[in-house]
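Comments concern the structure below.
Residue numbers (mature numbering (1 follows the signal peptide of the UniProt record, and there is no 0)): -29 to -1, 1 to 704.
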C-alpha cells in the first residue's frame, strides 16, 4: 500500500517571553543547580486577596519563550533594512526566513522540550520559529517543574483568578535557553484605550454607556465624526478620489474581545463603504464571543473601514492573559498576512513585567524585518498612564518598533480641517498618552525639531504621531446595536493604520515598496525638507503634564496627518495614474502565510499547506497523496454586484501512481455558505496527470453573491494521486 511520507501532521501556532536569571542559594548537594528568573514579578499576587491554594489536579497551560539566535544582530539588521543607502533596503524577510535566521538554536529547543516532558508535562503547541512553546499539565506539575506556588486570588475589581506567588525557578541547564514563563497568572492584563462620550464634561468614562450629551460634534446619527468628515479633516479624500482605497492591502487588528458582525454591517451600509467582511482568527482557544470590550473591537474595525474602505481586515482575538497577549501578537507575526497592524490595548510600563515587554519586543522586531507597520494607542490617561499621580507611558506604544499614537481635540472649519489642541481634561483626568519610557533608549531615527527638549533624558519619547481622540470630538460608531460616539487613542491608532494601508495601495501602483516599520520614514518626512507639508503641528494644550509646542512634543509627537501630502512625500512626491477598477478577492492565494484565510479539512489529519511542490514562492496546497483520501480547502469571497467581470484562476499539478483510470479526482467548485455545490467548474483526475497548468474560469454570473471557492481532492483505496494547487486568484473589474 502506498504511503505518504511528505506530509507532517498538523502543527499549530504559539507565544513568547524574555529576561535574566539569578542562582537560588542553598541548593542541596547533588541536586541540579537552579536559577530564579528575574523580571517575572508576581504582580497579580501582590495586588490580590488570597483565596486559597489552586487545586493540584486542575489543568494549566503556559507559554515558554526561548532566546533567539543572533539576537545581538537583529537591531543592526533592521537598521540596514530601512536605510535607503543600503543594498538591503526593504528586502523584507518572510516568516520562514525570520525563523531560519533568528529562531532559537535547535539544541535549546530540544533541551527545553526534554525538561518539560521529564516533568510529566505535554507540549501542545509550538510557533513555527520554535521560539514559543505551549506546555500543558496539572497545576501541581507546573508548580514542581517551575518552583512556584499557584494560588487563587480576588482583585479590587472583584475578579477571581489564579497566579504565582513567586518568580519561577528552573535548572541552570535550561536557564540559558529560556527567556521566560508565561501563563502562571490568569488575571486580565491589558486595558483598552477607548472611551465613550460622557453625559457631562467631568463625568468618568464608562464603556458601554449611551451618549446623552447634546449638542454633538459631527453629523453621525447621534453625533460624532463620520467617515467623510474624518477624510476631509485629514486630507484623505483626495487619496480615495484618486483611486487608492486600500485595495489589495490587509490590516490586522490585535484584540482581546469579540464583535458582532451585524454591527459592522450596519455601519458599512449606513455610510456606503462597501468594505470587505472582516475575517477572524482565534488564538489559544478563545471563543470569539463579544464581551465587555465589544465596543473596542467594533470601533477598530469600523475606523479602518472608514479610512481604507477596500482594505481587508483580519481580527485576531486571544484571551486577556499575559500568555494570551503574547500568543496573539506572535500569531499576527507568523501569519505575516497583514502589511499593517493596529493595536488599541495596552498596559502601563510600571504594571508590566520586564519579561513580557522583552518578549513582546522580539515579536515587533520580527514584524519590522517582515515589513509590517505597527500602530498602537498611546493611552487615555494623559501623562499618567497607570491612572495614578506618577508619570508613565503605555506599552506597547513605547516600543521602539511601534508607532505610538496620541490624541487631540479637533474641530472642523465647515467640512474641512479647522484646528486641533491636545486632548487633556483635568476634570476627569483623561487625555492623550505621552511621555518618556523608563525601559527603551531613544532610537536613532527619533530626531527633528523639538525632539531634544527640556524633558529629554535619553529615553524613548512617546507618542510619535497623533489624531483626534477626545470623546468630545469623537467618532460616529455603531456598536452593540446602537449609534454611539467613541473617542480615545483606540480610535486614533486604526485611523493611522488605515492611512498606512492607503499609502501601501498608492506605493504598489507606483512600483514602490510598502511602508514597513513606519517610524524611520515618518520622522524623515518630519525633519527633512519635503515637497508637501505632511503634518499639522499641534501647539496648544497639555496632556495633563506635557505641553504642546512647536515641532515635536511629548503630548502629540510630530503632529496629525495631512494624508495626501504625507503619502506623496513618502513616495517621492509622484502622482501615479489611478489603479484600474476592481481588485483581488482571494487573500493568501499563494499560501505563503500557510492556511490563513483558508478553511482546511483532511480525512488523514494532514496539514494541507506545505513546501512539497509550490508553483511559486515556498508553499502551496497539497491535496491527497494517500489512500482513501478526502482533502479540501476553501475560502469565502463576495463578488461585488457592480462587477462587470470576475475571473477565477489557479495553477494545478497532478502526479499519480495509478496504472488504470480514473479513480482519483480534483474538483474546482463554487459552493454557497451552506456548502451546497453551485457549480463544479472543473474535474481533473489521475488520467489527466501533467505538470503545472494554469486553469481559468469565468465566474461573472455569480456577481453579487457570497461563494466558497472550494478545492476538493479524493483518492480511492489503492495507487495514490497527489494534487497540487497554488496561486489562486479571483479578480474582478
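All C-beta atoms in this analysis are idealised placements derived from N, C-alpha and C, irrespective of residue type, glycine included.
These numbers come from a predicted model, not from an experiment.
Using the C-alpha atoms, what's the distance from residue 129 back to residue 444?
-> 33 Å
Cβ pair residue 594, residue 652 closer than 9 Å | no
Helix, strand or coil for residue 702 per DSSP?
-> strand
Could you spell out where the alpha helix (DSSP H) holding residue 469 opens and where it closes?
-> 460 to 480
Can you name the residues that DSSP bridges to residue 125?
-> 20, 131
Candidates 154, 88, 85, of which the one nearest residue 119 by Cα | 154
Would a C-beta distance cut-off of 9 Å place residue 87 and residue 101 closer than the cut-off?
-> no
Continuous alpha helix (DSSP H) stretch holding residue 494: start and end | 490 to 498
Nearest-angstrom beta carbon gap, residue 605 and residue 679 [assumed within contact, 8 Å] | 4 Å
Using only alpha-carbon positions, find the residue among 26, 84, 531 that is nearest to residue 508.
-> 531
Would you mind giving the Cβ-Cβ distance between residue 18 and residue 122, rounded to the nearest angstrom? I have them listed as a contact below 8 Å.
-> About 13 Å separates the two Cβ atoms, so there is no contact after all.
From 702, 329, 330, 673, pick the residue whose C-alpha is nearest to that of residue 648; which is it?
-> 673
Can you tell me whether DSSP reads residue 621 as helix, strand or coil?
-> strand
For residue 114 and residue 139, the rounded distance between their alpha carbons = 9 Å
Would you check if the segment 472 to 482 and the segment 356 to 374 touch, i.e. whether three or more CB-CB distances between them fall below 8 Å?
-> no
Residue 195, buried or exposed, once every other Cβ within 10 Å from all chains shown has been counted against 16 = buried
Within the same chain, show all residues whose beta-carbon is closer than 8 Å to that of residue 611, passing over the 5 residues directly before and after it, in chain order.
-> 245, 674, 675, 703
Residue 309 and residue 222 closer than 9 Å at C-beta | yes
For residue 386, which option in 206, 226, 29 has the closest C-alpha, if you only look at C-alpha atoms?
-> 206
To the nearest whole angstrom, what separates the beta carbons of residue 52 and residue 149, a pair I think is in contact under 8 Å?
-> With 8 Å as the limit, residue 52 and residue 149 do not qualify as a contact, their Cβ atoms being about 28 Å apart.
Residue 98 classed as buried or exposed, judged by whether at least 16 other C-beta atoms fall within 10 angstroms = buried
From 590, 628, 620, 608, pick the residue whose C-alpha is nearest to that of residue 66; which is it?
-> 590
Report buried or exposed for residue 234, applying the criterion of at least 16 other Cβ atoms within 10 angstroms of its Cβ.
-> buried
N- and C-terminal bounds of the beta strand (DSSP E) containing residue 529 | From DSSP, residue 529 is part of no beta strand (DSSP E); its letter is neither H nor E.
Through-space distance from residue 71 to residue 581, alpha-carbon basis | 16 Å
What do you reckon, are the CB atoms on residue 247 and residue 282 nearer than 9 Å?
-> yes
Please name the residue or residues paired with residue 223 in a DSSP beta bridge.
-> 285, 312
Residue 64 versus residue 341 - alpha carbon distance = 5 Å
Chain-order list of residues whose beta-carbon lies under 8 Å from that of residue 252 (same chain, five-residue window excluded) = 285, 286, 287, 288, 302, 306, 567
Just grab the DSSP bridge partners of residue 390 for me.
-> 382
Would you give the residue range spanned by the beta strand (DSSP E) that residue 662 belongs to?
-> 661 to 669
Roughly how many angstroms separate the alpha carbons of residue 437 and residue 374, rounded to a whole number?
-> 10 Å
Specify the secondary structure class of residue 693 as computed by DSSP and reduced to three states.
-> strand
Inter-residue Cα distance where the pair is residue 231 and residue 242 = 18 Å
Strand pairing of residue 679, partner residues [DSSP] | 607, 642
Near residue 258, which residues of its chain fall below 8 Å by C-beta distance, leaving aside the five closest residues on each side in sequence?
-> 229
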